[in-house]
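This report refers to the structure that appears directly beneath it.
Residue numbers (this note's numbering): 49 to 244.
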């Protein structure tokens, strides 16, 4: 069937499709960024966020400033859930002046002190699934760098939202700048409603 649209109408239609494509890609990436942005300490009025990690085993090494969680690992923070086979939390080197001590009293009236250690990075390895109401992402490895506010997804990363799928070999999300880069075999599939 021949196209009887004038040239200007065809150009406008192509531009509208390209604009829709860019808008949808930006929306999907923003959703993935928001999923991991919840790991920042900005969720509560005091700037504190409760993060829970469960696993079959946990090994902490204070000299190496890290905790390794293995087997059915689940990180939960609000409506953000991250699943992986292994998760490594690396803490910052702390001076005594950096330590924040919090005293709590338990049911028996005994006071105990807890040191709030600051996270340097979190790495999830093996069958990584990131879920939030706004979208979902899968990859083999994800690394969150707290100071840089950067997330790197490696190992065939794929992100979905509302029927739109973005994939590549490596995805880098810069949370402060609200921008993302897909490297290697970048591929986007989106469903667009047709004009009536």
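Glycine included, C-beta positions come from ideal geometry on N, C-alpha and C.
Note that the structure is predicted; figures quoted are calculated from it, not measured.
* How about residue 173 and residue 132: do their beta carbons lie closer than 9 Å? -> As a working note, residue 173 is residue 125 in the chain shown. As a working note, residue 132 is residue 84 in the chain shown. Yes. Within cutoff.
* Hey, how far is the Cα of residue 226 from the Cα of residue 193? -> By 1-based counting over the chain shown, the position of residue 226 is 178. By 1-based counting over the chain shown, the position of residue 193 is 145. Rounded to the nearest angstrom, the two C-alpha atoms are 15 Å apart.
* Among the residues of its own chain, which have a CB less than 8 Å from the CB of residue 103, if the five just before and after it don't count? -> Here the question's residue 103 lines up with position 55 in the chain shown. Around residue 103: 117, 118, 119, 120, 121, 122, 135.
* residue 180 to residue 127 span [Cα, whole Å] -> Locating residue 180 in the chain shown gives position 132, counting from the first residue. Locating residue 127 in the chain shown gives position 79, counting from the first residue. Distance from the CA of residue 180 to the CA of residue 127, rounded to the nearest whole angstrom, comes to 6 Å.
* DSSP state of residue 77 mapped onto helix, strand, coil -> Taking the chain shown and counting its residues from 1, one reaches residue 77 at position 29. Its pLDDT being 42, under 50, residue 77 is placed unreliably in this model, and the value from its coordinates should be taken loosely. Residue state, collapsed to three classes: helix.
* Asked: With which residues is residue 176 paired in a DSSP beta bridge?
  -> Residue numbering aside, residue 176 sits at position 128 when the chain shown is read from its first letter. Per DSSP, 187.
* Tell me the DSSP bridge mates of residue 202? -> To locate residue 202, count along the chain shown from 1; it is residue 154. Paired residue(s): 189, 218.
* Taking the C-alpha atoms as reference points, what is the distance between residue 101 and residue 201? -> Numbered from 1 along the chain shown, position 53 holds the residue referred to as residue 101. Numbered from 1 along the chain shown, position 153 holds the residue referred to as residue 201. About 20 Å.
* State the beta-bridge partners of residue 128 as determined by DSSP. => Taking the chain shown and counting its residues from 1, the one referred to as residue 128 is at position 80. Answer is 125, bridged to residue 128.
* To do: Could you check if residue 239 is buried or exposed, using at least 16 other CB atoms within 10 Å of its CB as the buried criterion?
  => Stepping through the chain shown from its first residue, residue 239 is reached at position 191. Looking at its Cβ environment, which holds fewer than 16 other Cβ atoms inside 10 Å, residue 239 is exposed.
* Asked: Smallest Cα separation from residue 110: which of 98, 197, 99, 137?
  -> Here residue 110 is taken as the residue at index 62 of the chain shown, counted from 1. Residue nearest to residue 110 within the set 98, 197, 99, 137 is 137 (criterion: CA-CA distance).
* Taking the C-alpha atoms as reference points, what is the distance between residue 205 and residue 216? -> On the chain shown, position 157 is the one that residue 205 refers to. On the chain shown, position 168 is the one that residue 216 refers to. Taking the straight line joining both Cα atoms gives about 6 Å.
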